[in-house]
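The structure appears right after this line, and notes come after that.
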Amino acid sequence: MKTKISQADLGQWEKWKTERDPDAGNYLVEKYHHLMDYVIQRFMISLPKTVQKEDIQSYAYEGMLDAIDKFNLDGEFKFETYAAWRIKGAIIDGLRQSDWLPRSVREKVKKVEKAYAVLEQRNGTSASDEEVCTYLGITKAELNKTVSEAALSSMISIDETIQDDENDQVGRYNVIKNEKAESPEAHLYAQLLKESLAKAIELLPEKEKLVVTLCYFEELKLTEIAEVLNLSVSRISQLHSKAMLRLNAAILSVQENY
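FYI, the UniProt record's numbering numbers position 15 of the sequence shown as 15, with every residue one higher than the one before it.
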């Protein structure tokens, strides 16, 4: 259910919507600034060190301004939900436009995902770094470099924005028509995917499983996870990336075998 906006905040919203009052705009940006911080933290766990946090903050700010400008006070969603989506989209668009991940790296990521899928399906256990390196014929350093750049590449591919009927950008997954909706085939596919992901999470090495749990179920920030596990932030980022590669591999297996 939509959260009721206080009278004080509603007054600021109306000033911005009707008058474009700069003070009202500044008030709204400051009030919801924590949303930018939250989304940025969630992204930084997946980004390689080559991406500057200042750039992500700039993209997030653009997303916040866009959300404030386009938010419908009478709409269905809470502003927090709408703004988080807009901020995320702005960051993804900014990263894509900056071409931060070359095609050659994307191809390497796909090869690593494929390696995890083949090895873990074959052995029924989590593939070790050594097994993946041997399978691909690469060094541990090459694997670690690919892992550090891997997680967000799949997210950007899924979240690629397109234009909707009102010339507004939306995520591709939001507008793809589901030809099998409510069909037995769709239900079976969803069930297989759910079971595969559950099994993949269960098979994750203990530290990777902890990072996934703390990140997506407890919703802790990167720095908080590092503190809980008494590890460096960069180590948490690496564990997260490896876990995402394994889970993406599980999805890939279902798609190829369905």
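Heads up, the beta-carbon is just placed ideally off N, CA and C, and yes, glycines get one too.
Backbone secondary structure at residue i - three-state DSSP
i    : result
P22  : helix
D74  : coil
E80  : helix
V51  : coil
K114 : helix
L204 : coil
A67  : helix
Cut-off 6 Å between Cβ atoms - residues of its own chain near residue i, not counting five sequence neighbours on either side
i    : result
S157 : At S157, the pLDDT of 46 sits below 50, so the modelled position is not reliable; the number obtained from the coordinates is stated separately. Cβ neighbours of S157 beyond the five flanking positions: none.
F79  : F71
K207 : L239
Closest by C-alpha distance to residue i, when choosing among the options
i           : options               : result
Q12         : I68, Y59, H33, M64    : I68
L214        : P205, A226, I56       : A226
S196        : L73, L231, N248, K207 : N248
residue 260 : L28, Y59, R103, K31   : With the chain covering only 1 through 258, there is no way to say anything about residue 260.
Y61         : L73, V51, L28         : L28
Burial state of residue i, where buried means 16 or more other Cβ atoms lie within 10 Å
i    : result
L10  : exposed
T139 : exposed
A141 : exposed
H34  : exposed
K70  : exposed
G75  : exposed
S237 : buried
E113 : buried
G124 : exposed
Neighbourhood of residue i by C-beta, 7 Å cutoff - its chain only, sequence neighbours within 5 removed
i    : result
R235 : none
Beta-carbon separation (whole angstroms), residue i vs residue j, contact threshold 8 Å
i   : j   : result
G89 : D55 : Not a contact, Cβ separation roughly 16 Å.
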